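A quick write-up on the structure given underneath.
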Amino acid sequence: MAQTLAADEQLRAERFYFERDRLHFIVGRGLLRTILGQYLQCEPSRLHFCYGPFAKPALLETSSGGKLSFNLAHSAGLALYAIVRDHEIGVDLEQLRPVMDMEQIAERFFAVGERAALQALPAQQQREGFFNCWTRKEAYLKALGSGLARPLAEFEVSLTPGEPARLVKVNGEPDEASRWVIQALTPAAGYVAALALPAITGITWQLNCWQWV
Ligand SMILES: CC(C)(COP(=O)(O)OP(=O)(O)OC[C@H]1O[C@@H](n2cnc3c(N)ncnc32)[C@H](O)[C@@H]1OP(=O)(O)O)[C@@H](O)C(=O)NCCC(=O)NCCS
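Residue numbering for the sequence shown follows our numbering, starting at 3 and increasing by one per position.
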C-alpha cells in the first residue's frame with residue numbers, strides 16, 4: 003500500500019515516530035485510495051488529493067460525471083470511511099474508552115445544553131453520551147472542513163443514548179441545524195461514530211455500510 007501513496011503522503015508516513023502509527027497511516031490512506039479507486043475505476047496510485055485551508059483532504063478531480071467526496075476517521079486500529087457524491091461529508095469515530103477527566107473536557111468544550119444532557123444521564127451511560135457528543139460534534143466540523151479550529155461550544159448536538167442523533171442548534175445561525183443530517187453509527191463493538199451531511203429538500207439519503215476485511 004505504501005507504493006500507492008503520493009510523495010507528500012510518503013513523506014508524512016516517514017515522519018511518524020512510532021512504527022505502529024506509520025503503518026496505520028499507510029494502511030489508512032492506502033485503503034482510502036483502494037476504495038476510491040474502485041468507485042472511480044482508477045488505479046489507487048493515480049488519484050490526486052488536494053487539501054482545504056484546515057487540511058481536509060479531497061479528490062483533486064474525478065471523471066465520474068460528478069464530484070466524489072469523502073472523509074475518514076481512525077481510532078484504536080479501526081478506520082471509518084464515508085463517501086458521497088456531490089456533497090460535503092464528515093465522519094468521526096472513537097473507541098469507547100475510559101476518560102479520566104470527562105467532566106473537565108465537557109466543561110471546556112461542550113455547549114451548555116450538552117453539559118446539562120450529559121449530567122442528566124445515569125452514571126453507566128455517561129461515557130457513551132460523552133462519545134456520542136464528541137463524535138457528532140467532530141463529524142459536523144469535519145463536514146464543514148473547519149476541524150477543531152471552530153469553537154466547539156458554539157453549537158449543540160444531541161447525545162442521550164437511544165435518542166436520534168441531530169444537530170440541535172448553532173449559535174447565531176438559526177437555520178443551520180435544519181441544514182444538516184447527523185447519523186449515529188456503530189461500526190464495531192466498543193466504538194461509536196457519527197456521520198454529518200447536508201439535509202437537502204427532495205433528497206433522502208440512502209446509507210450503505212460495508213466492512214473491509
Ligand atoms: C480534523 C481533525 C478534527 C481530526 O481529528 P482527529 O480526531 O485527530 O482525527 P480523525 O481520526 O477524526 O480524522 C483524521 C482524518 O480526518 C481528515 N481530516 C484532516 N483535516 C480535516 C479537516 N479539517 N476536516 C475534515 N477532515 C479532516 C484526514 O483524512 C485525517 O486522516 P489522515 O490522518 O489519514 O490524514 C483535527 O485534526 C483538526 O481539527 N484539524 C484542523 C487542524 C487545523 O485547524 N489546523 C490548522 C491549519 S492552518
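Ideal Cβ placement from N, Cα and C applies to all residues, glycine included.
Note that the structure is a prediction, hence the values are computed from the model and not measured.
Check, Outcome
"According to DSSP, residues forming a beta bridge with TRP214", "DSSP output for TRP214 lists no bridge partner at all."
"Cβ-heavy atom distance, ARG111 to ligand 1, below 6 Å", "With the sequence shown as reference, residue 111 is identified as Phe, and Arg is not the correct amino acid for it. Outside the cutoff, so no."
"Boundaries (first-last residue) of the alpha helix (DSSP H) holding GLU175", "Segment: none, GLU175 is in no alpha helix (DSSP H) and carries neither H nor E."
"Where HIS89 sits in the DSSP three-state scheme", "coil"
"Under the three-state DSSP convention, the category PHE51 falls into", "strand"
"Cβ distance (whole Å) where ARG87 is taken to contact LEU70 below 8 Å", "6 Å"
"Exposure of GLY147, with buried meaning 16 or more beta-carbon neighbours within 10 Å", "buried"
"Where the beta strand (DSSP E) containing TYR193 begins and where it ends", "193-200"
"Straight-line gap, ALA196 to PRO46 (C-alpha atoms, nearest Å)", "26 Å"
"Selected residue, minimal CA-CA separation from GLY131, among GLU178, LEU143, ALA118", "ALA118"
"ALA122 Cβ short of 6 Å to ligand 1 heavy atom set", "no"
"ASP10: CB within 6 Å of a non-hydrogen atom of ligand 1", "no"
"Check: LEU49 C-beta below 6 Å from any heavy atom of ligand 2", "Only ligand 1 can be found as ligands here, which leaves ligand 2 out of the picture."
"Secondary structure of PHE111, DSSP reduced to three states", "helix"
"Buried or exposed (CB count within 10 angstroms, at least 16 for buried), GLY32", "buried"
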